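Worksheet for the structure shown next.
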Amino acid sequence: MGDRNLLKQILEASRAIWDRPETRSAVRKNFANVLDCGTPALGWEVYASDNEEKRCYHRCKSRFCPSCGYRATLLWLDYQEAALPDIPYTGIVFTMPRELWNIFKRNRHLLHDLPALSADVIQQWIKMKYGVSVLIIVVPHPFGGDLKFNPHLHILISAGGLSKSEGRWIPRIELQKNALMRMWRYAVITHLRGALKAQVLKSHLAVQELKRILTIAYERHPQWIIFVDRIASKSHFLLYAARYVRRPPLASWRLLAVTDEEVVFVAKDTKRKRLVPTPCQLSDFVRLLAPHVPDSYRHSVRYFGLLSPRARGLMQAALFVLLGQSIKPRPRRLSWRDSLLKFFGVDPLIDSHGQTMSWVRREPPVLA
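In this note's numbering, the protein residues as written are 6 to 373.
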């Protein structure tokens, strides 16, 4: 079986493990969608030419589906390349101590607050230091190279900012890693303490034990690691972030083998800085995979500062004028056929004789 089908093989073999009422609804829905994608279970369109008839099965459009997610990622890249001005940017990674990982894993409502917390930290520090507003994109990333739940944030920030009071663009701002780390650490711990006080933080631990864990995490300065990397262009960050935006946490090539009992996948050994084949029991692998399924109606990318929904439009147009750049037209929404032709060089509606096929009818889903 080809690599592209290995995820389906894993989910089919483990259905008894994840397809249960107690499983998080987003996990059941996305796993089931991946299994049904491109099959009669979702229905299909019929196209025909003078010589042939062809079924084109509907796709699931799940962010966790390797094929649907890849197409959505390419469309997202096209849009961001047009929307962002051509200026230098800075990439930042916000992390946290491992004592907090399980807290956020069990409290996903608090996990979803992290992008806004990180953006507030950055905007507050930049406004105090420079008095400007910047462009910010936050990509939440809940997993490490070994699939363990490890919440951290990849953030793109413009390396310059807009002084609204002066009506001009300040071309260079320098971020201070230690100052941002202290503010980030304070923001996360304060947020968790507030949730604990409001009794919206779920845990099997006693309140006093949770307070102790938060204190320990706060005091572990070296584990609040922040990486700051000045990058030359938006494309560098976007191509990196696109690997995690609308796709599964494990690329297809990292799935090596699947049996009814075991999965062998390529894990990243961060200590030795190399990739290693890693065997894993099927049930354990599914349990590693499930927490990384995005919740329904939650964005995989968040926009803040000059890119926030309220600031777009007139403010964005004014920014391009200040920078002396032309606003690029928003890429048109590509049809299924056009996107396959553009990104993969395949026209699905050309038959084996080179003739164009026309739509004939739609067939409803076939229930198993």
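Every residue gets a Cβ at the ideal spot worked out from N, C-alpha and C, and that includes glycine. On a predicted model such as this, the values are computed, not experimentally measured, just so you know.
By Cβ distance below 7 Å, which residues in the same chain neighbour residue i in space, the five residues on each side in sequence not counted?
{"i": "Ser357", "result": "Glu57"}
{"i": "Ser123", "result": "Phe99, Val143, Leu158, Ile160 and Trp189"}
{"i": "Thr275", "result": "Gly150"}
{"i": "Tyr52", "result": "Lys59, Cys61, Leu354, Met362, Ser363, Trp364 and Val365"}
{"i": "Val250", "result": "Thr78, Trp81, Val144, Ser305 and Val306"}
{"i": "Glu17", "result": "Leu40"}
{"i": "Ser163", "result": "Ile92, Tyr94, Val139 and Leu140"}
{"i": "Lys66", "result": "Cys73"}
{"i": "Lys169", "result": "Ser138"}
{"i": "Ile450", "result": "Summary: the structure shown does not reach residue 450, with the chain confined to residues 6 through 373, and so no result is reported for it."}
{"i": "Pro282", "result": "Leu261, Val269 and Val271"}
{"i": "Lys273", "result": "Gly150, Asp151 and Leu280"}
Go through its chain and collect everything with a Cβ distance to residue i's Cβ below 8 Å, but skip five positions before and after it.
{"i": "Leu82", "result": "Leu243, Leu244 and Ala247"}
{"i": "Asp24", "result": "Arg33, Phe36 and Ala37"}
{"i": "Ala322", "result": "Ile332"}
{"i": "Gly136", "result": "Ser168 and Ser170"}
Below 8 Å on the Cβ atoms is my contact criterion, and I expect residue i with residue j to pass it. Report the Cβ-Cβ distance as a whole number of Å.
{"i": "Met320", "j": "Val193", "result": "The pair is not a contact, with the Cβ atoms about 29 Å apart (cut-off 8 Å)."}
{"i": "Leu255", "j": "Phe270", "result": "6 Å"}
{"i": "Ile22", "j": "Val291", "result": "5 Å"}
{"i": "Pro45", "j": "Val371", "result": "4 Å"}
{"i": "Ile131", "j": "Ile175", "result": "That belief does not hold up - the Cβ atoms of Ile131 and Ile175 are roughly 10 Å apart, past 8 Å."}
{"i": "Ser208", "j": "Leu197", "result": "11 Å between Cβ atoms; not a contact."}
{"i": "Phe232", "j": "Ile97", "result": "7 Å"}
{"i": "Leu167", "j": "Leu311", "result": "6 Å"}
Going by alpha carbons, who is nearest to residue i out of the options?
{"i": "Val126", "options": "Asp343, His63 and Leu180", "result": "Leu180"}
{"i": "Leu354", "options": "Ala164, Ala46, Val139 and Tyr62", "result": "Tyr62"}
{"i": "Met186", "options": "Lys276, Pro147, Ala322 and Tyr223", "result": "Tyr223"}
{"i": "Arg317", "options": "Asn183, Arg235, Pro176 and Val139", "result": "Val139"}
{"i": "Pro296", "options": "Arg111, Leu12 and Leu197", "result": "Arg111"}
{"i": "Phe148", "options": "Gln129, Tyr75 and Leu294", "result": "Leu294"}
{"i": "Val205", "options": "His114, Gly172 and Gly166", "result": "His114"}
{"i": "Pro71", "options": "Arg235, Val298 and Glu368", "result": "Val298"}
{"i": "Pro334", "options": "Glu27, Arg315, Glu86 and Arg303", "result": "Glu86"}
{"i": "Asp289", "options": "Lys153, Leu339 and Gly165", "result": "Lys153"}
{"i": "Arg303", "options": "Arg64, Leu12 and Ala31", "result": "Ala31"}
{"i": "Asn183", "options": "Thr28, Gln228, Ser301 and Ala211", "result": "Gln228"}
{"i": "Arg338", "options": "Gly165, Arg76 and Leu210", "result": "Arg76"}
{"i": "Arg20", "options": "His146, Thr195, Gly165 and Leu287", "result": "Leu287"}
{"i": "Lys239", "options": "Tyr84, Arg64 and Thr195", "result": "Tyr84"}
{"i": "Pro284", "options": "Arg259, Arg277, Ser301 and Lys278", "result": "Arg259"}
{"i": "Val326", "options": "Gly172, His226 and Pro26", "result": "Gly172"}
Output needed for residue i: all residues of its chain with C-beta closer than 6 Å, excluding positions within five of it in sequence on either side, in chain order.
{"i": "Asp352", "result": "Leu346"}
{"i": "Gly7", "result": "Bear in mind that a pLDDT of 39 at Gly7, under 50, signals an unreliable position, so the number given afterwards is only what the model happens to contain. Around Gly7: no qualifying Cβ."}
{"i": "Gly74", "result": "Arg68, Arg251 and Arg252"}
{"i": "Ser54", "result": "Asp356, Gln360 and Met362"}
{"i": "Arg235", "result": "Thr95"}
{"i": "Glu368", "result": "Gly48 and Trp49"}
{"i": "Leu11", "result": "Leu260 and Val263"}
Check the Cβ-Cβ distances between residue i and every residue of chain C, and say whether any is below 9 Å.
{"i": "Ser313", "result": "Absent from the structure is chain C; it holds one protein chain and no more."}
**Request:** Assess, as a yes-or-no matter, whether the region 64 to 84 is touched by the region 186 to 201 under the definition of 3 or more beta carbon pairs within less than 8 Å.
**Result:** no
**Request:** Would you check if the region 359 to 366 and the region 26 to 39 touch, i.e. whether three or more CB-CB distances between them fall below 8 Å?
**Result:** no
**Asked** At which residue ranges does the region 168 to 240 contain complete alpha helix (DSSP H) runs of 4 or more residues, listed in the order of the chain?
**Response** 182 to 202 and 212 to 224
**Prompt:** Touching or not, the region 147 to 162 and the region 111 to 121, by the rule of three or more beta carbon pairs under 8 Å?
**Reply:** yes
**Message:** I'd like the ranges of any beta strand (DSSP E) spanning at least 3 consecutive residues and lying wholly in the region 85 to 114.
**Reply:** 94 to 99
**Request:** Check whether the region 213 to 222 touches the region 103 to 110, taking contact to mean three or more Cβ pairs, one atom from each stretch, closer than 8 Å.
**Result:** yes
**Request:** Determine contact between the region 82 to 95 and the region 325 to 344, defined as no fewer than three beta-carbon pairs at a distance below 8 Å.
**Result:** yes
**Request:** Pick out the complete alpha helix (DSSP H) segments inside the region 272 to 348, 4 residues or longer, and give them in chain order.
**Result:** 287 to 294 and 319 to 327
**Item:** Contained beta strand (DSSP E) runs [length at least 3] in the region 112 to 166, N- to C-terminal order
**Value:** 140 to 148 and 154 to 163
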